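Note sheet for the following structure.
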Amino acid sequence: MTGLPARASCVLVLNSGSSSVKYQVLDMDGPSRAAAGLVERIGERGARLVHRTADGGERVRETSVPGHEEALRLIAEELDTDGVGPASPRLAAVGHRVVHGGPVFSEPRLIDDEVLAEIERLVPVAPLHNPGNLAGIRTARSLNPDLPQVAVFDTAFHTTMPEHAARYAIDMRTADEHRIRRYGFHGTSHAFVSRRTAGLLGRDPSEVNVIVLHLGNGASASAVAGGRCVDTSMGLTPLEGLVMGTRSGDIDPAVVFHLSRVAGMSVGEIDTLLNQRSGLLGMCGDNDMREIRRRVEEGDWAARLAFDVYVYRIKKYIGAYLAVLGRVDAVAFTAGVGENNPAVREAAVAGLEGLGITVDPELNAAPGDSARLISPQDAATAVAVVPTDEELEIATQAFALVNG
Ligand code: ADP
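In my numbering, the protein residues as written are 3 to 406.
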C-alpha cells in the first residue's frame, strides 16, 4: 500500500430522539457536509430512512426499524457506502446531542461509563429526551468501541446563569431533593448564534450583549452578556417561556391544579395538553407559521389571535432581557420561524423604537440564507437574522475535545 492514511477530519453528529434519529457527517477541514439524513418512525409502522449525499443525491429506504440499534445499523450502512461509516479512518469522533446535562455538565464530555451513568441519572428530569439520547450513545459505542464518543449538552451553555435566574422560588429542600431548577435548552444554538452575531458586528463575543430568539417548533430566548448566558426562557423542561408550536410556554401553575380538580384530568393528560396540544396548534389548529400567516392574510380570527399571543410573548421577553442586560448590542432571530418569517420579526419589535430596537422594512423583508443585519444603519441596537447550525456547533465542540 502506498499513500498517506486518511486524516480523521470528520465528525458524525447524532441527534437521537424517542422515535427518530437525525444524523450528519461534517468534514471539519471545510467545514462541509459529507452526508446527512434521518430515520423516522422508529418502533412504528411506516419507518423509513432518508439519506442525503454530499453532492445532493438522496436515497430512501422503507423498512422495519424496531429500535435505535436497527436505526443506527441502517445509518452505518448508508455512511459506509459514502466512505464515512463508523469504522472509517476519516471519522475522528461521534458527537451526540444530549438534551439534559443537569447541573453537572457545563462542557462537552468524552463519554465513558461514568458519564453514561450520570446521563442515566438525569432521566427523571428529562424523561422524554434522555432515554433516546442514551440509546443512540450505547448503539454507536457498540458499532465502533474505539471511536471517541462525545456528549454535547443542550443545557451546558446555560450553566453560567446566576442562581437568582436559575432558581424557582419554591421550598429549597424540595427543589434540591428533586433537582428542580431552571436549566434551559437549545444551548448549542444560543451559543452558536450569539457568537455569530458578535462576528457580524465585527466584535469579540466577550464585548457584546445579545438577546437570542430561537424560534423553531420549540422556541426559547436567552440573554447573553459578553459570551455568557445570564438568563434563558426554558426551565426545568422545555415547556417554560415562549409560546411554541405545540407547547404553551409560561402559564400559571395553578392551571394544572384547576384542570385536575375541575376537569378531572390526569397528570399524563395535562402533560400531553400543555406539551403537545397547546401553543400555536392549540390556539388555531396549525403550528406551521407559514400556514398561520396565510390564514392571517385571509382574515382568519383564530390564526390572528394565535399570532398575536405568540409575538406578544416574544416582545415581553425582549423587554425583560433588556432590563437584565442593561445594554443590548444586538437582538438575533434564528431557527425556522426566526430565520424565515419577516412578519414575526416585525411584530416582535414593533413599538420598541424608543428603546433603540427597530427593523428596516426592506431589509427585514428581503430573503436571504446567510447572517445579516435588518436594522437601520443608525440604529442604537442591531437587529440580526442569524441562521443557526446546531450540528456544526456539536461537531466543532466534539472535534475540539478529541483534538485536545
Ligand atoms: P425544530 O428544529 O424545532 O423542529 P425548525 O427550526 O426547523 O424547528 O422550525 C420549524 C418551523 O419553522 C416550522 O414549524 C415553520 O413554522 C417554520 N418555518 C420553516 N420555514 C419557514 C418559512 N419559509 N417561512 C415561515 N416559517 C417557516
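The beta-carbon is built from N, C-alpha and C at its ideal position, and this holds for glycine as well.
For clarity, every value in this text was computed on a predicted model and none was experimentally measured.
Tell me the residue span of the beta strand (DSSP E) that contains residue 226.
Unbroken beta strand (DSSP E) run through residue 226: 221-227.
How would the residue list near ligand 1 read, in chain order, if you kept each one whose beta-carbon is closer than 6 Å to any heavy atom?
In chain order, the hits are 218, 219, 220, 247, 289, 290, 291, 292, 337, 338, 339, 342 and 343.
Looking at the secondary structure, which residues open and close the beta strand (DSSP E) in which residue 116 lies?
Not the beta strand (DSSP E): residue 116 falls in the alpha helix (DSSP H), residues 115-123.
Which of the three DSSP states, helix, strand or coil, is assigned to residue 235?
Residue 235: coil per DSSP, three-state reduction.
Identify whether residue 214 lies in helix, strand or coil by the three-state DSSP scheme.
DSSP places residue 214 in strand when its eight states are reduced to three.
By Cβ distance, which residues of its chain are closer than 6 Å to residue 208, with the 5 residues on each side in sequence left out?
Once the five neighbours on either side are set aside, the close Cβ partners of residue 208 are 228 and 229.
When you compare only the Cα positions, how much space is there between residue 22 and residue 224?
Those two C-alpha atoms are separated by around 27 Å.
Measuring straight from C-alpha to C-alpha, what distance separates residue 89 and residue 141?
For residue 89 and residue 141, the distance between alpha carbons rounds to 14 Å.
Nearest to residue 35 by alpha carbon, out of 203, 13, 145 and 133?
Considering only alpha carbons, the answer is 13.
Helix, strand or coil for residue 132, going by three-state DSSP, please let me know.
DSSP places residue 132 in helix when its eight states are reduced to three.
Counting only runs of 4+ residues fully inside the region 268-330, write out the alpha helix (DSSP H) ranges in chain order.
Segments of the alpha helix (DSSP H) lying fully in the region 268-330: 269-278, 281-286, 291-299 and 303-327.
For residue 78, which of helix, strand or coil comes out of DSSP?
In the structure shown, residue 78 sits in a helix (DSSP, three-state: H, G or I).
Report all residues from its chain with a CB closer than 6 Å to the CB of residue 184; omit the five preceding and five following residues, and keep chain order.
Correct list, in chain order: 168 and 237.
Quick check on the DSSP output: what are the complete alpha helix (DSSP H) runs of length 4 or more inside the region 18-70, in order along the chain?
Fully enclosed alpha helix (DSSP H) runs of 4 or longer: not present.
Would you list the residues sitting across from residue 111 in a DSSP beta bridge?
In DSSP, residue 111 forms a bridge with 153.
How many Å lie between residue 5 and residue 92 at the Cα?
In this predicted model, residue 5 has a pLDDT of only 49, less than 50, meaning its place in the structure is not dependable; the value taken from the coordinates is given anyway. Rounded to whole angstroms, residue 5 to residue 92 spans 15 Å at the Cα level.
May I ask which residues mark the beginning and end of the alpha helix (DSSP H) holding residue 198?
From DSSP, the alpha helix (DSSP H) with residue 198 extends over 189-202.
Identify every residue that forms a DSSP beta bridge with residue 16.
Bridge partners of residue 16: 25 and 98.
Going by DSSP in three states, residue 93 sits in which element: helix, strand or coil?
Reduced to three states, the DSSP call for residue 93 is strand.
By how many angstroms is the C-alpha of residue 349 removed from the C-alpha of residue 181?
Answer to the nearest angstrom: the Cα atoms are 37 Å apart.
Decide if residue 402 is buried, meaning its Cβ has at least 16 other Cβ atoms within 10 Å, or exposed.
So residue 402 counts as exposed.
In terms of alpha-carbon separation, which member of 269, 37 and 118 lies closest to residue 85?
The residue with the shortest Cα to Cα distance from residue 85 is 37.
Is the number of C-beta pairs between the region 329-345 and the region 213-220 that are closer than 8 Å three or more?
Judged by Cβ distances under 8 Å, the region 329-345 makes contact with the region 213-220, as three or more pairs qualify.
Do residue 386 and residue 202 count as a contact pair if the criterion is CB distance below 8 Å?
Going by C-beta atoms, residue 202 is nearer than 8 Å to residue 386.
Restricting to Cα atoms, I'd like to know which of 10, 109, 357 and 311 is closest to residue 325.
Cα-wise, what sits closest to residue 325 is 357.
Quick one: what's got a C-beta closer than 8 Å to residue 377's C-beta in the same chain, skipping five residues either side?
For residue 377, where only same-chain residues beyond five positions count, the Cβ hits under 8 Å are 359, 360, 361, 362, 365, 383, 384, 385 and 386.
Going by DSSP, name the residue or residues bridged to residue 487.
Because the chain in this structure spans residues 3 to 406, residue 487 falls outside the shown range and cannot be described.
When you compare each of 313, 151, 116 and 257 to residue 222 by their alpha carbons, which one comes out closest?
Cα-wise, what sits closest to residue 222 is 313.
Can you grab the Cα-Cα spacing for the pair residue 28 / residue 164, in whole Å?
If you take the alpha carbons of residue 28 and residue 164, they lie about 34 Å apart.
Tell me the residue span of the alpha helix (DSSP H) that contains residue 180.
Run containing residue 180: none; DSSP gives neither H nor E here.
What does the alpha-carbon distance come out to for the pair residue 390 and residue 191?
About 6 Å.
Could you say which of 256, 73, 406 and 395 lies nearest to residue 193 if we only look at CA atoms?
Ranking 256, 73, 406 and 395 by Cα distance to residue 193 puts 395 first.
So residue 41 packs on residue 397, CB below 8 Å; how close in whole Å?
Incorrect: roughly 19 Å between the Cβ atoms, too far for contact.
Here's the rule I'm using: 16 or more other beta-carbon atoms within 10 Å means buried, otherwise exposed. How should residue 399 be labelled?
With 16 or more other Cβ atoms within 10 Å, it is buried.
Do you know whose CA, among 317, 283 and 279, lies nearest residue 304's CA?
It is 283.
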